[in-house]
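K.L.:
Sharing a structure here in structure tokens format.
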Amino acid sequence: MSNELSAPGTSPRVPRPGTQKSSGSATKKGERAAKEKPGAVLPPVGEEESKNPEEYQCTGVLETDFAELCTRLGYTDFPKVVVRPRPHPIFVPSASLSEKPTQDDQRLSTSCSLNSLESKYVFFRPTIQVELEQEDNKLVKEIFIRGWRVDDRILGILSKCLPPLSQLQAINFWKVGLTDKTLTTFISLLPLCSSTLRKVSLEGNPLPEQSFHKLMASDSTIAHLSLRNNNIDDHGARLLGQALSTLHTCNRTLVSLNLGFNHIGDQGAGYIADGLRLNRSLLWLSLAHNRIQDKGALKLAEVLRPFELTHTEVVERRRLLLEKGSQERSRSPSSSRHGDSREKSQMIGVSSIALVDKPEKMQAMKTPKGLSKKKEKPGEVVKKDEKSGSGQSPTQGASKKEDATKSGKGSKLTIPEQKLSKGKSIKTGSKEKRSIFLESELVAEATEMVNPLLEPMEHRDGKVFMPGNKVLLHLNLLRNHITEVGLEGFLTAVRYQVQFSKPKTSSKGPVGLLWLSLAKNYFDPQCPTYIMIQELMLPRDPVKAKLKEEEATDFST
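Heads up: the sequence shown begins at 5 in this note's numbering, then just goes up one per residue.
Written out as structure tokens, the structure reads:
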């Protein structure tokens, strides 16, 4: 019995409490040390990488480049690059769905509901949405950032990620908390991007200084700019109008400008109208959902029909004519009287030059060998006693050339508005063909980029009138505060635009206003003025005209 009692007491299977506790703590400390060793080694490597983000060479894949640069800069939680979601196709229930769902279908529906719940939370996480090219799924075509703040660090990362994107066409920022400082950083980023980038949309980003006009600088390459819902008032409209055009600068790349859902009033509309006076590149303008009343509407309508030049514009026009004359004089031979006569003819507006004279005179003037008479018709010969007219020759009064050159420098500058001559062709030799051709190319380039102040003007009652802006095709003034008083101004402008040209003509050049929206303003939709505007603009609207043609073809078939 004693053996049975002593056996449990002397049994080695019962450990002492002290030894059990100490061994357990020892093992735990060992495990912790083993786990902490890799962690102590990794952070320095990460720190070295984060110190050298500039050494990373972007691959052109936005998802990879953005994640790598964020990691090197020490971002632990950064926005993901995802493909922009597309609307789901319309779901048509089939007859098989009317059957009772099986147990597998119920499990599948439960997992789908969990996934949809997770997707709802993921929806609110910051992301960079991209739209890819259809031909190549790796090429990014458009970028959308919406609803999260874009600071200087993110813009710094984008400045390295975006330039390698060779097919990038558009950048869209919606409510990203831009400031005037970050906008300047963003503008400096744009020249680094691909030349295909033509569209920029900054919406829901009100700025204290309203410095959006920096996007429309003279060296900007943006063609489509959207600035909706940015609280732009009359001060911001003044800056934007000056960016469109002034007497000395003009934006030549911007094609469309969306200023809808802002706070632009009559004064701001006047500033925009002033920018349209000398701008000949903007085709599409939206001022919908603003605060424009009759005074601003009349200012906008005034630009669409012939308007009077101000004194400052007349002075600038004269300066440009003098500058143009000096440039043409520098192209012509310096020691040739024939060059002086050609300068006079170009300043008058003659499109082509007919140089005919006696061989003795030509030799005395030391003209090129290629310019000689060959089989000239009697109508092309300029007589000595021929009087000036609307299509006068630059060599009229050949016997009094010296007097003409002396008086021509002061008198001919004041009549640039004369009609163009019918033009008499130049018959030149083979040696002069190349030089004349190169000169015609220079003149063609000058006419393509001609300043609007050098356009043919109309003189009435001692005042100079410029033709209205016939380049603008689309004007949206939906939901403003315009009454029938403002409609009268647009009716006059539309009548001039309709009289000017028809949209179906095959001739090159501007065709005038094609689409005008004045709905939802402070007038009765059934008022005669508005109905007349609609009737005049309806045949000019290309979309409605195409729909009518399609309806006519469908009816005939």
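Every residue gets a Cβ at the ideal spot worked out from N, C-alpha and C, and that includes glycine.
Going by DSSP, what residues sit across from His478 in a beta bridge?
P.N.:
Per DSSP, Trp288 and Trp519.
K.L.:
Here's a check: name, in chain order, each residue in its chain whose Cβ is nearer than 8 Å to the Cβ of Thr496, leaving out the five neighbours to either side.
P.N.:
Within the same chain, Thr496 has close Cβ partners Ala305 and Arg309.
K.L.:
Roughly how many angstroms separate the alpha carbons of Gln297 and Val85, rounded to a whole number?
P.N.:
About 44 Å.
K.L.:
Between the stretch 511 to 530 and the stretch 316 to 325, can you find at least three pairs of beta-carbon atoms closer than 8 Å?
P.N.:
No contact exists between the stretch 316 to 325 and the stretch 511 to 530.
K.L.:
Return the bridge partner residues of Leu229 from the DSSP annotation.
P.N.:
Answer by DSSP bridge pairing, in chain order: Val204 and Leu261.
K.L.:
Since Phe469 sits in a beta bridge, which residues does DSSP pair it with?
P.N.:
Answer is Glu312 and Glu462, bridged to Phe469.
K.L.:
Label Leu206 either buried or exposed according to how many other C-beta atoms from any shown protein chain fall within 10 Å of its C-beta, with 16 as the threshold for buried.
P.N.:
By the neighbour-count rule (16 or more Cβ atoms within 10 Å), Leu206 is buried.
K.L.:
So what's Ile191 in DSSP terms, helix, strand or just coil?
P.N.:
Of the three classes helix, strand and coil, the one that applies to Ile191 here is helix, per DSSP.
K.L.:
Rank Val180, Thr186, Leu143 and Trp152 by C-alpha distance to the C-alpha of Gln173 and give the top, closest one.
P.N.:
When each option's Cα is compared against that of Gln173, the closest is Leu143.
K.L.:
Among Gly208, Leu542 and Leu287, which residue has its Cα nearest to the Cα of Lys474?
P.N.:
Answer by Cα proximity: Leu287.
K.L.:
Short check: CB of Ala523 to CB of Arg483, under 9 Å?
P.N.:
Cβ atoms of Ala523 and Arg483: closer than 9 Å.
K.L.:
On the DSSP letters alone, give me the boundaries of the beta strand (DSSP E) that Gln246 sits inside.
P.N.:
Segment Asp238 to Leu248 is the alpha helix (DSSP H) holding Gln246; no beta strand (DSSP E) there.
K.L.:
Assuming contact is defined by CB atoms lying nearer than 9 Å, are His217 and Asp237 in contact in what I supplied?
P.N.:
No. Outside cutoff.
K.L.:
Who are the near neighbours of Gly208 in its chain, counting only those whose CB is closer than 6 Å to its CB and skipping five residues on each side?
P.N.:
Trp178, Lys179 and Asn233.
K.L.:
Would you call the stretch 240 to 249 in contact with the stretch 183 to 193, where contact means no fewer than 3 C-beta pairs closer than 8 Å?
P.N.:
No contact exists between the stretch 240 to 249 and the stretch 183 to 193.
K.L.:
To the nearest angstrom, how far is it from the Cα of Pro42 to the Cα of Leu229?
P.N.:
Interpretation of Pro42 is limited by its pLDDT of 46, a score under 50 that renders its predicted location unreliable; no figure is taken from the coordinates.
K.L.:
How would you write the range of the alpha helix (DSSP H) that Ile161 sits in, first residue to last?
P.N.:
Run containing Ile161: Asp156 to Cys165, per the alpha helix (DSSP H) assignment.
K.L.:
If we ignore side chains and look at the alpha-carbon of each, how far apart do Pro294 and Ala71 end up?
P.N.:
Here the sequence assigns Asn to residue 294, which means Pro is not the residue at that position. So the two alpha carbons sit approximately 41 Å from each other.
K.L.:
For Pro565, which residues from the same chain have a beta carbon less than 8 Å from its beta carbon, with the 5 sequence-adjacent residues on both sides left out?
P.N.:
The displayed coordinates of the chain run from 5 to 561. Any statement about residue 565 would go beyond what the structure contains.
K.L.:
I'd like to confirm the pairing. Which residues does DSSP put opposite Val565 in its beta bridges?
P.N.:
As displayed, the chain neither begins before 5 nor continues past 561, which places residue 565 out of reach and without an answer.
K.L.:
Beta-carbon separation of Ala301 and Leu481 under 9 Å?
P.N.:
Yes.
K.L.:
Ala174 lies in the beta strand (DSSP E); which residues open and close that run?
P.N.:
First-last of the beta strand (DSSP E) with Ala174: Ala174 to Trp178.
K.L.:
Answer yes or no: do Ile276 and Leu248 have a C-beta to C-beta separation smaller than 9 Å?
P.N.:
Closer than 9 Å, so yes.
K.L.:
DSSP state of Val502, grouped into three classes?
P.N.:
Reduced to three states, the DSSP call for Val502 is helix.
K.L.:
By the DSSP assignment, the alpha helix (DSSP H) with Lys84 in it spans what residues?
P.N.:
Lys84 -> not in any alpha helix (DSSP H); beta strand (DSSP E) instead, spanning Lys84 to Val87.
K.L.:
Quick one: residues in its chain with C-beta nearer than 8 Å to the C-beta of Asp545, no 5 flanking neighbours on either side, listed in chain order?
P.N.:
Same-chain partners within the cutoff: Leu518 and Trp519.
K.L.:
Quick check: what's the CA-CA separation for Tyr60 versus Val307?
P.N.:
Spanning the two alpha carbons is a distance of roughly 53 Å.
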